[in-house]
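Numbering (UniProt numbering), first residue to last: 1 to 258.
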């Protein structure tokens, strides 16, 4: 299945509405598997299951068809972009991959490019040497084991160098339409802060989301939560006064001003 090119959208202004109170934070805690430091809130209660459908209905109304902000024009590009996005911003990855993807369309072309030249394209991204090594290695395995195609199962994806559970979930969701939820730093924060799916680590949050998110919203839940965390429910200062789900969120330290 060929994935269509995705252009970055100015989602931020469409995910806001509401009113609220004052922010309180605990010290930063490292979320296992995210590779980033997140903030865990002191005062948080579990969101009632009965309000979760309304929570997602509002996010859907704001963004009916959410998409990844990574830019790609085939499934192989998507896989490479997601591997590169670990501990990096989508915007930073897009800046690096725009010229790269103009000349590289397949795993075979990536292998022919080689690790040294690949580094020249992605050196602005964190951990670029390790990522370059993984991209070349996974490209070779795609050729050797999968006929140059990206596999369609979690197990086969996670057998590729540089591909963990989160990356596999993103590819399965975006490229193959599976209702997976890849918990990154944004989703981890939103799940804990709002009370939607509190957990001590990404896997715990993921499993709670899969259990609590209504089936009709599960396919796009991943992107709704990422975009909400990226543009509204921000790490340092959440924009609670403009949040579309402000009154449903159980966070007791809401901000009152932007």
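Just so it is clear, CB atoms sit at the ideal spot from N, CA and C, and this is done for glycine as well.
Locate the alpha helix (DSSP H) running through residue i, then write down its first and last residues.
i, result
"residue 121", "115-122"
"residue 215", "215-231"
"residue 191", "185-194"
"residue 158", "154-158"
"residue 202", "202-212"
State the DSSP-derived secondary structure class of residue i, mapped to helix, strand or coil.
i, result
"residue 104", "coil"
"residue 254", "coil"
"residue 62", "helix"
"residue 35", "Note that residue 35 scores a pLDDT of 40, beneath 50, so its modelled location is shaky; the value from the coordinates is reported in the next line. Coil at residue 35, not helix or strand."
"residue 181", "coil"
"residue 87", "coil"
"residue 173", "helix"
"residue 248", "coil"
"residue 125", "coil"
"residue 297", "Only positions 1 to 258 of the chain appear in the structure, and residue 297 is not among them; the question remains open."
"residue 97", "helix"
"residue 238", "coil"
"residue 23", "Low confidence applies here, because residue 23 scores a pLDDT of 30, under 50, leaving its location unreliable; read the following figure in that light. Coil at residue 23, not helix or strand."
"residue 269", "Here the chain has residues from 1 to 258 only, and residue 269 is not among them."
"residue 45", "coil"
"residue 243", "coil"
"residue 161", "coil"
Compute the beta-carbon to beta-carbon distance between residue i and residue j, rounded to the nearest angstrom, for a pair I have assumed lies under 8 Å.
i, j, result
"residue 75", "residue 159", "Not confirmed; about 16 Å, so no contact."
"residue 190", "residue 59", "At roughly 10 Å, the Cβ-Cβ gap does not stay under 8 Å, so residue 190 and residue 59 are not in contact."
"residue 242", "residue 232", "7 Å"
"residue 125", "residue 186", "The Cβ separation is near 18 Å, so there is no contact."
Would a C-beta distance cut-off of 8 Å place residue i and residue j closer than the cut-off?
i, j, result
"residue 170", "residue 206", "no"
"residue 138", "residue 161", "yes"
"residue 68", "residue 223", "yes"
"residue 148", "residue 108", "yes"
"residue 118", "residue 103", "no"
"residue 115", "residue 132", "yes"
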